[in-house]
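Here is the structure we will look at.
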Amino acid sequence: MDIRAAELIEKLAGEHALALDEYEYLVSHLDQEARDLLAEFARAAREPIYGHDVFVRGLIEFSNFCKNDCLYCGIRASNMGCKRYRLTREQILSCADTGYELGFRTFVLQSGEDPHFTDERLCAIVRALKEAHPDCAITLSVGERSRESYAALREAGADRYLLRHETASPEHYAKLHPANLSWENRMRCLHDLRDLGFAVGAGFMVGSPFQTSANLARDLAFIQEFQPEMCGIGPFVPHHATPFANEPAGTLEQTLGLLSIIRLIKPNILLPATTALGTIHPKGRELGMEAGANVVMPNLSPGDVRAKYLLYDGKICTGDEAAECRRCLEMRMAGCGYNVVTDRGDPRIA
Ligand code: 5AD
Ligand code: FES
1065 MDIRAAELIE KLAGEHALAL DEYEYLVSHL DQEARDLLAE FARAAREPIY GHDVFVRGLI
1125 EFSNFCKNDC LYCGIRASNM GCKRYRLTRE QILSCADTGY ELGFRTFVLQ SGEDPHFTDE
1185 RLCAIVRALK EAHPDCAITL SVGERSRESY AALREAGADR YLLRHETASP EHYAKLHPAN
1245 LSWENRMRCL HDLRDLGFAV GAGFMVGSPF QTSANLARDL AFIQEFQPEM CGIGPFVPHH
1305 ATPFANEPAG TLEQTLGLLS IIRLIKPNIL LPATTALGTI HPKGRELGME AGANVVMPNL
1365 SPGDVRAKYL LYDGKICTGD EAAECRRCLE MRMAGCGYNV VTDRGDPRIA
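Numbered as in the numbering used here, the sequence shown ends at 1414 without a single skipped number.
Given below as structure tokens:
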């Protein structure tokens, strides 16, 4: 292994921080040995905080309507081949009831940016969900909204919010998004969410088109600086009906290396082994745990809509029911020495 990379890994494990140029050096020298060393330190950092516990979140993909046209995403507005659906409030509540029985204590409500879900409608759903399951955490993942809207959702009882920053480099952001979406507004949203008292999840795709080591270094420096409670990272996976249809997917290896680095930046961070990681490799999520992840997010959406929430091609679990996914993941986790716990899964104190 490269000597300087080894030194930087030790420094990161000790200080939980590196300079921008150091991240760039490390990211461009992630060979197998470097990744193994990172994973070892990452597991050691996670161990005293989370042991072998894995948190689960029940993901409810409640609408695939989206007014945006992100170049990478399969549910972008201009994809006419996408069959659109919306779940009713009753369907959402019934997904959550099923999930509760299966041991989920966090529900993640995710959708495209669907104008049908006004503050009034979304707040009513959050309130009903909280009333039905007061011991559960509610996470929203519904994109960019106004500060007032975020305030209303928080007031209605939402606890957490996932909004990946996608890339911490404004010029890279502009290559992944249409001109009406800006990096500045994304940052505004993340800061508003933080100010309003949400536990915030940032994150980015690994191997997205045009991404350089310098871009990834910025992503890591951003995580170090912003200190989000959660960080969702997974490989970019092309979707056939997008402008990036012919771009290569991100790699398993690079994603695993970055998971370990993020664990070391913030030892108590909530770090999912994502569905995208499970999509590019049959053991992707298990390998994600071994690299330092501590969260999995199985799907609770009803069977008939699952295959329609297709952000990228080949997405796993689109033919399974909630109970099957839960059981499957529990088996997979047990198979590599981890236990799925029935818990809200709040960050534990480092
Ligand atoms: N490949 C991988 N991840 C994707 N996302 C959207 N499209 C893709 C894709 N083609 C991710 C984005 C978004 C999250 C919900 O899914 O990072 O924030
Ligand atoms: Fe969904 Fe394995 S996690 S079937």
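All C-beta atoms, glycine included, are put in the ideal place defined by N, C-alpha and C. Predicted model, so just to flag it, every value in this text is computed and none were measured.
- The segment 1298 to 1308 makes contact with the segment 1328 to 1341: 3 or more CB pairs, one atom from each, lie closer than 8 Å.
- A straight-line Cα-Cα distance of about 33 Å links ALA1371 and GLU1248.
- In chain order, LEU1082, GLU1086, TYR1089 and LEU1090 place their CB closer than 8 Å to the CB of LEU1072, counting only its own chain and leaving out the 5 sequence neighbours on each side.
- Shortest gap from the CB of GLN1155 to any heavy atom of the ligand 5AD: 8 Å or more.
- Shown here for ARG1140: same chain residues with a beta carbon closer than 6 Å to its own, the five before and five after excluded, namely ASP1133 and CYS1134 in chain order.
- Per the CB criterion, closer than 6 Å to any heavy atom of the ligand 5AD, the qualifying residues run in chain order as TYR1136, CYS1137, ARG1228, GLU1230, MET1269, GLY1298, PHE1300, VAL1301, HIS1303, ALA1340, LEU1375 and TYR1376.
- The segment 1143 to 1159 makes no contact with the segment 1396 to 1404; the number of CB pairs closer than 8 Å stays below 3.
- Comparing C-alpha distances from CYS1381 to each of MET1353, ASP1407, VAL1359 and PRO1346 shows the shortest one belongs to PRO1346.
- Of the candidates PRO1307, PRO1302 and ARG1224, the residue whose Cα lies closest to the Cα of ALA1313 is PRO1302.
- Assigned with DSSP and collapsed to three states, PRO1234 falls in helix.
- In this model, MET1361 and TYR1136 are separated by some 21 Å (Cα to Cα).
- By the Cβ test, the segment 1183 to 1190 is not in contact with the segment 1229 to 1246, since fewer than three Cβ pairs between them sit closer than 8 Å.
- DSSP places ALA1201 in the uninterrupted beta strand (DSSP E) bounded by 1201 to 1205.
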